[in-house]
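First residue of the sequence shown? That's 1 in this note's numbering, and the numbers climb one at a time after it. Positions of the beta carbon are idealized from the N, C-alpha and C atoms, including for glycine. Written out below as structure tokens is the structure these notes cover.
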Amino acid sequence: MQITFCGAAGTVTGSSYLVETTGGRFLVDCGMFQGSKEIRQLNRQEFIFNPGKLDFVLLTHAHVDHSGLLPKLWKSGFKKKIFTTKATRQLCGIVLPDSGHIQEMEVEWRNRKHQRAGVPLENPLYTAAEALQCLGLFEPKSYNEEFLPLPGVRVRFLDAGHILGSSIIEVFITEDGVTTKIVFSGDLGQNNQPIIQDPTLVAEADYVLIESTYGNRLHEDHTQKVDLLRKIIIESVNSGGNLVIPAFAVGRTQDLLYYIKNLLRSGQIPRIPVYIDSPMAVSVTEIYRDNPDCYDEETRQLFAAHESPFEFPNLKFIRTAEQSKLLNATAKGAVIISANGMCEAGRILHHLKHNLWRPESHILFVGYQADETLGRRLLEGAKVVKIMGEEVGVHAKIHSIGGFSAHADQAGLMDWLAGFTQKPRSIFIVHGENGAQTELAALIKHRLNIDSFIPKWGERFTLNTEPRLEQELQIPQLPNYTLEKTVNDLEHCIMQLHNQIKQSDFTQATPEINQLKQLISQLESEYKNLA
Ligand SMILES: [Zn+2]
């Protein structure tokens with residue numbers, strides 16, 4: 001049997017592995033590449049396998065970097081089954097059409113530019129409608145349920161404790177009477193995460209693929225971060241301003257609700273109004289409510305005592321744009337949790353615009369802020385930022401709490417590997433940056449005496465005895481000059497500005513909007529000169 005690394009090999013995103021056996025072939029995950037323009041271009045490449053010849057797909061969880069190219073796979077001729085958990089299927093029902101919508105908007109903007117330049121128009125990677133069609137292929141399986149998608153291939157999903165419905169996948173492949181077991185870690189969660197179970201320990205495997213997002217990092221202590229949250233809420237209550245928390249809609253928002261509810265129940269914070277202002281976060285929270293079988297013991301007990309973490313006095317879910325605008329104008333002394341988590345788009349921008357200039361307001365970051373995002377600029381202490389074309393002075397107090405990550409840190413990854421009572425023959429380290437992978441590989445060798453491979457994109461290994469590298473593919477060499485990067489970054493900024501205007505539900509052309517549009521066209525003409 002052979003395994004080909006079609007993504008998340010040398011990068012964090014684009015998870016996808018092709019397994020070929022004597023009986024057939026299947027894919028584990030089909031994720032989108034995210035990050036720099038060079039990496040994102042891999043999404044536009046033809047698959048390095050024939051999608052029409054796959055027998056089935058296994059999906060570890062709903063995050064776009066694991067599921068985001070499934071609609072493209074469907075579009076390219078794959079019409080067989082995608083096995084995953086029920087919760088993952090439900091979350092994909094929100095995440096994939098949303099991703100299709102983003103593809104459509106980005107292409108629409110680029111095509112306007114192409115039209116002016118007389119360049120051939122692009123098609124979106126896939127549309128929201130195509131994503132919905134692809135969802136028809138999903139077939140839910142329960143944790144621990146064994147099934148045979150193909151003669152000679154047995155599969156079992158185990159809880160990975162990363163987000164709701166996330167899985168570790170065990171695959172047992174029998175060829176010529178010999179059974180080989182491969183374990184795909186998927187994304188592994190932290191122990192003691194709220195709501196969901198801890199990652200399941202697996203006792204045996206011949207080969208393991210392990211993620212390594214935090215392969216060289218340790219997270220902050222759990223009790224410390226909750227205490228920090230309590231202190232920041234009290235501080236914002238005392239100053240009479242709002243506490244605005246940019247948060248990812250899937251997972252982080254629900255974790256925050258859980259912690260805030262606990263602080264309220266134990267009387268550690270006063271009864272302040274809490275708003276969830278993101279249509280996606282509202283829908284995702286409903287899915288969390290709908291999957292009690294994924295809860296850990298503490299959460300089960302909370303529900304048994306009629307203390308749902310997703311309900312408490314003064315908690316309001318905001319769906320419509322009108323309600324959101326009203327909240328912008330009237331909220332005082334409230335906690336506002338909104339998306340997206342890196343402040344690149346969405347309703348969070350309006351809340352920042354209304355709160356950053358107020359010295360009594362507080363902004364709290366609880367997630368990773370990528371380079372060149374508004375979130376990163378605020379964290380780095382910018383005194384003035386531009387939001388939707390308007391300069392906003394930063395007078396609010398900026399806070400940040402680490403350790404809310406949905407990923408295991410280095411210690412968590414090593415603990416999970418130590419759970420194997422039968423030593424795996426080899427470990428493949430995937431889903432991580434170079435430094436994280438090499439440090440984890442060294443630690444695995446030192447502590448567990450197991451050899452690891454750090455596969456590159458497109459590499460294929462034969463797995464019968466000692467893994468043997470059979471094929472290498474080179475990532476297409478893309479020029480990466482400084483000027484080119486500047487032009488690309490600028491193009492990305494302009495595109496985001498267009499998207500933000502579009503998402504903002506502006507009904508009338510106020511002088512501010514006209515000024516913003518003028519600024520964007522000025523920027524566009526400067527960009528054209530540069531390009
Ligand atoms: Zn994930």
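Quick check on residue i: buried or exposed, where buried means 16 or more other Cβ atoms within 10 Å of its Cβ?
i, result
"D255", "buried"
"G177", "exposed"
"R44", "exposed"
"A62", "buried"
"K261", "buried"
"H532", "Missing from the structure shown is residue 532; the chain here goes from 1 to 531 and no further."
"T84", "buried"
"N514", "exposed"
"V155", "buried"
"M1", "buried"
"H162", "buried"
"Q369", "buried"
"T285", "buried"
"L218", "exposed"
"H431", "buried"
May I ask you to list the residues that DSSP assigns as paired with residue i?
i, result
"H541", "No statement about residue 541 is possible, as the shown extent of the chain runs from 1 to 531 and does not include it."
"K81", "F56"
"F404", "Note: F404 sits in no beta bridge, so no partner."
"K386", "E391"
"E220", "According to DSSP, which records beta bridges pairwise, E220 is partnered with nothing at all."
"P153", "It is Val, not Pro, that sits at residue 153 in the sequence shown. Per DSSP, L150 and I173."
"F453", "F428"
"I196", "Y295"
Tell me the DSSP secondary structure of residue i in three-state form.
i, result
"I475", "Any reading at I475 needs caution, since the residue's pLDDT is 48, under 50, leaving its predicted position unreliable; the model's value is listed next. DSSP places I475 in coil when its eight states are reduced to three."
"Q2", "strand"
"I592", "Because the chain here runs from 1 to 531, residue 592 falls outside it and cannot be looked at."
"L448", "helix"
"P71", "helix"
"E391", "strand"
"I520", "helix"
"V250", "coil"
"L443", "helix"
"T482", "Note that T482 scores a pLDDT of 45, beneath 50, so its modelled location is shaky and nothing firm can be said."
"G372", "Looking at the sequence itself, residue 372 is Glu, so the reference to Gly does not match. Three-state result, E372: coil."
"S561", "Residue 561 lies beyond the residue range present for the chain, which begins at 1 and ends at 531; the question has no answer from this structure."
"K181", "strand"
"E64", "Residue 64 is actually Val in this sequence, not Glu. The answer is helix: DSSP assigns V64 an H, G or I state."
"E175", "strand"
"V202", "coil"
"I429", "strand"
"D159", "strand"
"T462", "strand"
"I234", "helix"
"I513", "helix"
"I494", "helix"
"E526", "helix"
I'd like to check one pair, residue j with residue i: are the Cβ atoms closer than 9 Å?
i, j, result
"Y214", "A408", "yes"
"I401", "L417", "no"
"Q90", "I276", "no"
"G186", "S167", "yes"
"P151", "G23", "yes"
"L188", "E170", "no"
"L523", "I494", "yes"
"D65", "G14", "yes"
"F56", "F26", "yes"
"F248", "G100", "no"
"Y126", "W74", "yes"
"G458", "C6", "yes"
"Q538", "E175", "For residue 538 there is no data in the structure shown, the boundaries of the chain being 1 and 531."
"H362", "I232", "yes"
"S236", "G333", "yes"
"G77", "G118", "no"
"T299", "P194", "yes"
"T4", "I39", "no"
"A396", "E360", "yes"
"L96", "G136", "no"
"G367", "F404", "yes"
"T438", "I454", "yes"
"N242", "R319", "no"
"F184", "L209", "yes"
At least one CB of chain B closer than 9 Å to the CB of residue i: is that the case?
i, result
"L137", "Absence of chain B from the displayed structure is noted, only one protein chain being present."
At what residue ranges does the region 261–347 contain a whole run of the alpha helix (DSSP H), taking only runs of 4 or more? 279–289, 297–304 and 321–330
Those runs of the beta strand (DSSP E) which lie wholly inside the region 1–46 and span at least 3 residues: 2–7, 16–20 and 25–28
Within the region 85–141, ranges of the alpha helix (DSSP H) (whole runs, at least 4 residues): 86–117 and 128–134
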